[in-house]
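Undergrad: I am attaching a structure below and will ask some questions about it afterwards.
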Amino acid sequence: MKAVSALVAVIVLFAIAYMVGPSAKFVFGVAVPYAAMAVFLGGIIYRVAFKWGKAPVPFAIATTCGQQKSLPWIKHASLENPSTTGGVILRMAFEVLTFRSLFRNTRVAVKDGPRVTYDGEWVLWAAAMLFHWSFLVIVLRHMRFFTEPVPFFVPLLQAVDGFFEIGIPALYLTGVGLLLAASVLFLRRMLDAQVRYISLMADYFPLFLVMGIAITGILMRHFMKTDIVSVKEMATGLATFKPVVPDGVGPIFFAHMFLVCVLLAYFPFSKLTHMAGVFMSPTRNLRCNSREVRHINPWNHPVRVHTYAEYEDEFRDKMIACGLPVDKKETEEPKKAKAGEKKVDD
Amino acid sequence: MSSDMPKPEELARVSFQPPESDWMDTPVQFKSGTYNFPAAKKNVEYLKMPNPHAWAVDDKDWMLGDKWKEKILDGISDRLQKFRSFSLFMDICVRCGACADKCHFFMGSGDPKNMPVLRAELLRSIYRKNFTVAGKLLGSLAGGRELTEDVIKEWYYYFYQCTECRRCSVFCPYGIDTAEITMIGRELLYELGLGINWALEPAANCFRTGNHLGLQPHTFKDNIEFVVDELETATGINAMPSFNRKGAEILFITPSADVFAEPAIYTLMGYLLLFKYLDLDVTFSSYASEGGNFGLFTSHDTIKSLNAKMYHEAERLGVKWILGGECGHMWRVVHQYMDTLNGPANHLEVPRSPITGTVFENTRSTKMVHICEFTADLIKHNKLKLDPRRNRKVIPTFHDSCNPARALGLFEEPRYILRNVCEQFYEMPENTIREQTFCCAGGAGLGNDENMEMRLRGGLPRGNAVSYVRDKHGVNMLACICAIDKATLPPLVEYWAPGVGVCGVHELLGNALIMPGESEERKAGKINLRAEEDDDESEGGGDV
Ligand code: SF4
Ligand code: SF4
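Going line by line, the protein sequences match chains A and B. Residue 211 in numbering that gives the first Met the number 0 sits at position 212 of the first sequence, with consecutive numbering throughout. Residue 498 in numbering that gives the first Met the number 0 sits at position 499 of the second sequence, with consecutive numbering throughout.
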């Protein structure tokens with residue numbers, strides 16, 4: 000049901016742009032892209048710099064996934080339990096570039112016996128890798144529309160991506176890869192009972208949106224040709240803040256671009272912020288040397304503490320009777336507990 | 000263990016198929032044997048926490064007090080600003096499900112709300128509804144839901160079906176740590192006076208007497224004297240330590256369970272023999288007589304308040320550094336909270352082993368060394384005469400306790416000790432040890448009797464791994480370095496892997512240590528610290 004509503008939402012968005020786009024060129028070709036970009040940038044900056052960034056990291060709560068650095072003769076897992084900033088950077092690099100933690104994934108089964116089994120489960124990892132890397136390459140490839148001159152690596156990427164030269168123009172592997180990965184992720188969500196149970200509409204919607212973007216992109220390149228020169232003119236215009244909407248831009252382009260705009264605008268308000276959040280996760284991006292170097296908590300406030308003096312006052316007689324040393328010999332009746340004796344916090 | 004507990008094969012018949020109804024529409028059901036009793040009013044009062052009141056889980060009205068919704072929402076808002084972890088983890092979960100079957104409570108119960116992701120969603124849904132644009136506008140379409148009394152009841156049930164073991168955080172691609180969310184969820188419940196007694200009573204006791212059981216100074220000392228007597232019977236050696244002694248070089252702090260509970264007391268015997276052997280200038284404290292910190296299972300303020308005693312006492316006694324015993328969550332607090340909350344401990348010196356001269360650089364700031372680090376260093380420098388043959392009847396495996404594993408990374412030190420004090424040693428399967436280790440299912444305050452069914456369910460993966468090495472290698476001892484483990488693993492192995500015992504690493508060290516002046520019987524390896532006699536001279540492998 001959630002999946003259906005998400006799918007309907009994406010179809011409606013597509014239809015609007017496809018049908019209205021060509022007759023409201025300025026809105027769909029200029030206003031919406033600028034607005035979407037503004038929401039995207041503003042939203043991400045707000046989230047990273049203000050919402051997350053302003054909240055301190057009060058405790059050094061790294062998850063240690065390997066041997067600590069302790070005695071010199073014990074091999075230290077400098078990547079999984081980093082004690083230096085360099086180690087943390089490496090740990091994060093593996094996390095962000097290779098999805099290290101996801102790679103550990105296993106599938107558990109409890110069989111008769113009982114016997115608990117752990118099987119490797121690489122579907123999620125593989126689909127996620129394919130999805131994200133394809134997406135990145137696609138975004139970079141698209142720079143050829145927005146830049147003049149086109150940066151050197153873009154044609155290179157294009158060449159590699161179209162290496163197999165299937166069809167004319169060459170089919171991009173990443174386009175297919177993205178679609179394939181999104182489909183696997185979607186099927187996994189539908190077919191795996193546990194994952195289906197935890198899924199929200201907000202999990203299906205971005206998947207369909209990305210699929211929609213990929214499909215419209217592939218359609219445009221191979222089947223419903225749109226005038227590429229006009230598209231480039233328009234994109235460069237947007238990038239240089241001299242917007243123009245030339246004729247010859249087909250409805251499929253408006254649909255493609257509109258879905259991208261929706262994705263951009265939706266991004267900062269959704270789980271998609273994991274793209275930025277992954278860099279800020281305190282269980283991963285902290286050094287694990289919190290016994291060696293003190294971690295500072297900016298809001299560390301005083302709390303009520305039961306001091307030794309209070310303890311001895313309560314138990315002094317019993318302590319003396321059993322031979323435990325005490326600081327003050329006599330139970331001091333007349334004197335009240337001195338103010339300031341409650342040593343709370345430095 | 001109650002006799003109405005189903006047989007292991009039955010309990011292990013777990014269905015991972017979620018129910019028909021959406022989780023938001025599936026109300027919580029408190030099934031006896033799977034929940035914890037509420038914190039007694041006196042304990043809430045003693046710790047001066049809000050809304051102390053007497054209530055029971057069966058009550059329809061939990062008496063949440065005036066403006067309870069505001070209190071929860073304010074509490075969430077406050078913590079969003081104080082904890083980046085919380086703020087971030089509320090936003091970035093993609094519900095990929097990688098964490099779902101990593102939680103021992105899910106594996107043993109099949110209850111979908113025990114998937115870490117759904118446990119977090121219980122709170123996240125309230126966050127979305129009240130603190131996000133999409134949730135405010137779209138409500139349940141955006142995954143938001145109303146805060147109701149039923150939600151609070153659900154939180155109480157499921158935030159106390161999480162042992163804060165952090166296994167889920169190892170697998171999450173963003174490092175989302177459900178334990179962090181549980182900790183904050185529990186703090187929010189305390190805003191309404193709701194908690195569990197098995198966590199709060201130890202915390203209240205510890206505040207007053209310095210230890211969880213509420214042992215007053217003379218009783219604490221008595222208990223240790225009792226262990227010293229037993230030790231003398233078993234070894235012929237009097238290893239009486241000193242108490243509250245000013246000017247000692249080292250303050251030793253261990254979980255108080257070591258002084259009164261079996262089999263933890265045998266670990267204490269191991270420490271005492273070691274200290275005697277080294278003639279270490281060390282003292283116990285009756286005031287800082289607890290290594291554990293049930294504040295970790297209660298609130299961040301309580302962590303600080305209980306932990307403060309360690310440095311406070313170290314300063315008063317004028318010791319140079321602190322040595323800490325075998326404990327799990329204590330080491331999470333020492334490693335990740337203590338220095339931050341109660342440091343810097345400028346009154347102490349960087350720990351240096353008086354025997355080997357090793358400076359423990361990794362504890363330069365906190366100035367607190369783990370006993371396994373200390374002992375491993377001694378063995379490496381050949382400072383201990385050991386006879387592993389004395390442990391010949393013991394075939395151990397090692398249970399990594401959650402916190403030393405995932406909040407410290409103390410993996411090799413205890414293994415190094417075990418390999419040196421035992422003739423054999425076998426690892427459990429790799430998905431169940433080190434950073435992937437499984438909880439005993441009784442940590443974080445859940446190790447009480449009323450919660451036994453849930454503990455055994457959660458104990459399935461650990462128990463199963465133990466029975467695996469028992470059958471494959473004849474393992475008959477589960478060694479560990481955690482006082483909660485020593486209390487919670489015995490019923491777990493009795494149920495899932497009968498025939499396997501539980502012990503501390505320093506118990507086995509104590510067995511193997513060749514002490515000057517020890518009894519002839521001990522010399523011949525015929526009696527262990529448990530005073531179990533053994534006249535059988537045949538080679539190891541027999542039943543213990
Ligand atoms: S693994 Fe992380 S992102 Fe995936 S569902 Fe669990 S908490 Fe969410
Ligand atoms: S911290 Fe441990 S008990 Fe809690 S949800 Fe994660 S795996 Fe389960």
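For glycine and all other residues, C-beta sits at the position ideal for the given N, C-alpha and C. It should be emphasised that the depicted structure is a prediction, and the values quoted were computed from it without experimental measurement.
1) Within the 8 angstroms Cβ cut-off, does A/R140 reach chain B?
2) On a CA-only basis, which of B/L267, B/E360, B/R414 is nearest B/E229? Give me that one, please.
3) Taking just the CA atoms, how far does B/T365 sit from A/S82?
4) Is the stretch 175 to 184 of chain A touching the stretch 222 to 242 of chain A, taking contact as three or more C-beta pairs under 8 angstroms?
5) For B/P343, go through chain A and note every residue whose CB falls closer than 8 angstroms to its CB, in chain order.
6) Which residue's Cα is closest to the Cα of A/L70: B/L507, B/E531, B/E520, B/T355?
7) So, for A/A338: in the same chain, excluding its five sequence neighbours on each side, which residues have a beta-carbon less than 8 angstroms away from its beta-carbon?
8) Cβ of B/G290 within 8 angstroms of Cβ of B/G324?
9) So B/Q80 contacts chain A; which residues on that side make the cut at Cβ distance below 8 angstroms?
10) Exposed or buried, what is B/L10 when buried is set at 16 or more other beta-carbons lying within 10 Å of its beta-carbon?
11) Check whether the Cβ atoms of B/C439 and B/I370 sit closer than 8 angstroms, and answer yes or no.
12) So, does the stretch 267 to 285 of chain B touch the stretch 509 to 519 of chain B, judging by three or more C-beta pairs under 8 angstroms?
13) Which chain A residues are close to B/N361, counting only those with a beta carbon under 9 angstroms from its beta carbon?
14) With C-beta atoms as the reference, is B/S86 less than 8 angstroms away from B/D176?
15) Helix, strand or coil, according to DSSP, for B/A39 in the structure here?
16) Using a 10 Å radius around the Cβ and a threshold of 16 neighbouring Cβ atoms, would you call A/I167 buried or exposed?
17) Which residues does DSSP pair with B/G367 in a beta bridge?
18) Given a cut-off of 8 angstroms on the beta-carbon distance, is the pair B/L340 and B/N306 in contact?
19) Go through its chain and collect everything with a Cβ distance to B/Y156's Cβ below 7 angstroms, but skip five positions before and after it.
20) To the nearest angstrom, how far is it from the Cα of A/F13 to the Cα of A/A254?
21) Name, in chain order, the residues that DSSP records as bridge partners for B/G356.
22) Using the C-alpha atoms, what's the distance from B/S466 back to B/A247?
23) Could you work out which residue in B/N390, B/T234, B/A238 is closest to B/C502 when comparing CA atoms only?
24) Between A/F134 and the rest of its own chain, which residues show a CB-CB distance below 7 angstroms, the 5 nearest in sequence each way excluded?
25) When the distance is taken between beta carbons, is A/I217 closer than 8 angstroms to A/T173?
26) Provide the residue(s) that pair with B/F437 in DSSP beta bridges, ordered along the chain.
27) Alpha carbon to alpha carbon, how far is A/T105 from B/E348? Give it in angstroms, no decimals.
28) Given that A/R106 touches chain B, what residues does it touch there, using C-beta distances under 9 angstroms?
29) I need the straight-line Cα distance from B/E531 to B/H52, nearest angstrom please.
30) If we cut at 8 angstroms on Cβ distances, does B/K47 have a partner in chain A?
31) Of all the residues that make up the stretch 159 to 193 of chain B, which are near chain A by a beta-carbon distance shorter than 7 angstroms?
32) Taking buried to mean at least 16 other C-beta atoms within 10 Å of its own C-beta, is B/P490 buried or exposed?
33) Can the beta-carbon of B/A39 be found closer than 8 angstroms to that of B/E200?
34) Using CA atoms only, rank isn't needed, just tell me which of A/A30, A/V11, A/G42, A/N288 is closest to A/S269.
35) Please name the residue in B/R418, B/G446, B/D399, B/Y425 whose C-alpha comes closest to that of B/F437.
36) Would the beta-carbon of B/E452 be found less than 7 angstroms away from any heavy atom of ligand 3?
TA: In brief:
1) Answer no: the Cβ-Cβ gap between A/R140 and chain B never drops below 8 angstroms.
2) Among B/L267, B/E360, B/R414, the Cα nearest to that of B/E229 is on B/L267.
3) Near 15 angstroms, if we compare the C-alpha coordinates of B/T365 and A/S82.
4) The stretch 175 to 184 of chain A, when compared against the stretch 222 to 242 of chain A, does not touch it at the 8 angstroms Cβ threshold.
5) In chain order: R293.
6) Answer by Cα proximity: B/T355.
7) With a pLDDT of only 45 at A/A338, under 50, the local geometry of the prediction cannot be trusted, and no value is derived from it.
8) Closer than 8 angstroms, so yes.
9) Within 8 angstroms Cβ-Cβ: K53, A54.
10) Classification of B/L10: buried, given that the 10 Å Cβ count is 16 or more.
11) Judged by beta-carbon spacing, B/I370 lies beyond the 8 angstroms limit of B/C439, meaning their Cβ atoms are not closer than that value.
12) Contact holds: three or more Cβ-Cβ distances are below 8 angstroms.
13) Within chain A, the residues near B/N361 are Q67, K68, S69, L70, S82, N288, R290, E291.
14) No. Outside cutoff.
15) B/A39: coil per DSSP, three-state reduction.
16) So A/I167 counts as exposed.
17) With the sequence shown as reference, residue 367 of chain B is identified as Met, and Gly is not the correct amino acid for it. Answer by DSSP bridge pairing, in chain order: B/I321.
18) Yes, Cβ-Cβ distance for B/L340 and B/N306 is below 8 angstroms.
19) Hits under 7 angstroms: V27, F29, Y34.
20) Taking the straight line from one Cα to the other gives about 5 angstroms.
21) Looking at the DSSP output, B/G356 sits in no beta bridge, so it has no partner there.
22) Approximately 44 angstroms between the Cα atoms of the pair.
23) Shortest Cα-Cα distance from B/C502 to any of B/N390, B/T234, B/A238 involves B/N390.
24) For A/F134, where only same-chain residues beyond five positions count, the Cβ hits under 7 angstroms are L177.
25) Remark: C-beta atoms of A/T173 and A/I217 do not approach each other more closely than 8 angstroms.
26) Looking at the DSSP assignment, B/F437 forms no beta bridge with any residue, so it has no partner.
27) B/E348 and A/T105 have their C-alpha atoms spaced approximately 45 angstroms apart.
28) Identification of chain B residues near A/R106 by a Cβ-Cβ cut-off of 9 angstroms yields D100, ordered along the chain.
29) C-alpha of B/E531 to C-alpha of B/H52: approximately 48 angstroms in a straight line.
30) At least one CB atom of chain A sits nearer than 8 angstroms to the CB of B/K47.
31) Within the stretch 159 to 193 of chain B, the residues whose Cβ lies closer than 7 angstroms to some Cβ of chain A are R165, S168, V169, F170, C171, P172, Y173, G174, D176, E179, listed in chain order.
32) Flag for B/P490 reads buried.
33) A distance below 8 angstroms separates the beta carbons of B/A39 and B/E200.
34) It is A/G42 whose Cα lies nearest to the Cα of A/S269.
35) Cα-wise, what sits closest to B/F437 is B/D399.
36) Ligands displayed in this structure: ligand 1 and ligand 2; ligand 3 is not among them.
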